[in-house]
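What the sequence shown shows, in the working numbering, is residues 1 to 133, in sequence order.
Quick notes on the structure that follows.
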Amino acid sequence: MIRAGNVSSVNPQNGTVRVAFPDNSNMLSGELPVMISKSKWAKTAEMPSVGDPVLCLFLSNGIQNGFCLGSFYNDLETPPPESDSKRGVFFEDGSYAFYDRQTGSMHVKATNGLIIEGNVTVNGTLTYGGGGS
Numbered sequence: 001m002i003r004a005g006n007v008s009s010v011n012p013q014n015g016t017v018r019v020a021f022p023d024n025s026n027m028l029s030g031e032l033p034v035m036i037s038k039s040k041w042a043k044t045a046e047m048p049s050v051g052d053p054v055l056c057l058f059l060s061n062g063i064q065n066g067f068c069l070g071s072f073y074n075d076l077e078t079p080p081p082e083s084d085s086k087r088g089v090f091f092e093d094g095s096y097a098f099y100d101r102q103t104g105s106m107h108v109k110a111t112n113g114l115i116i117e118g119n120v121t122v123n124g125t126l127t128y129g130g131g132g133s
């Protein structure tokens with residue numbers, strides 16, 4: 001059975017969520033594992049937030065056992081602007097990291113600063129703009 005609902009709680013340590021279903025008196029699911037793209041050598045941190053709309057797949061024995069397949073866009077949660085040519089992450093504070101396939105360029109904006117740990121090598125022209133110390 002496939003159902004759409006809203007995340008009611010998140011357990012990031014276990015990678016699970018509980019989901020409320022507004023079409024069924026906000027009945028709550030059991031702890032549902034969240035589907036991710038990788039789980040071995042390249043783990044991702046992509047847990048939905050409380051209130052996010054999600055799609056769930058359940059086993060045949062009710063809504064206690066199943067999986068949270070992920071979130072989706074709707075009237076309240078819309079895609080980022082111009083997302084057809086950009087692949088990346090866009091945050092609520094205005095920060096982002098994305099690749100623009102039309103220009104072939106990578107863009108990073110860190111609203112409150114950028115921290116790089118490790119050595120940095122620049123192969124190409126480095127253009128510096130703005131103030132600094």
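Note that the Cβ used here is the ideal one computed from N, Cα and C, for glycine as well.
Does DSSP put residue i in a helix, a strand or coil?
i	result
Pro48	coil
Asp100	strand
Pro53	strand
Pro22	helix
Met106	strand
Gly113	coil
Ile36	coil
Identify which residue in the options has its Cα closest to the Cα of residue i.
i	options	result
Phe90	Leu76, Ala110, Ser105, Gly51	Ala110
Phe72	Asn24, Met47, Ser29, Leu28	Met47
Asp100	Lys86, Val50, Leu76, Val108	Lys86
Gly51	Val17, Ile36, Leu57	Val17
Gly88	Val19, Asn14, Met106, Leu76	Met106
Val34	Gln13, Asp23, Gly104	Gln13
Leu114	Leu126, Thr103, Ser95	Ser95
Gly15	Leu69, Asn123, Gln102	Leu69
Where DSSP assigns a beta bridge to residue i, which residues make up the other side?
i	result
Leu28	Ala20
Gly130	For Gly130, which the question treats as bridged, DSSP gives no partner whatsoever.
Ala4	Leu55
Ser9	Arg18
*Counting only runs of 3+ residues fully inside the region 63-98, write out the beta strand (DSSP E) ranges in chain order.*
66-71, 86-90
*Count the C-beta pairs between the region 78-86 and the region 53-69 that are closer than 8 Å, then say yes if the count reaches three, no if not.*
no
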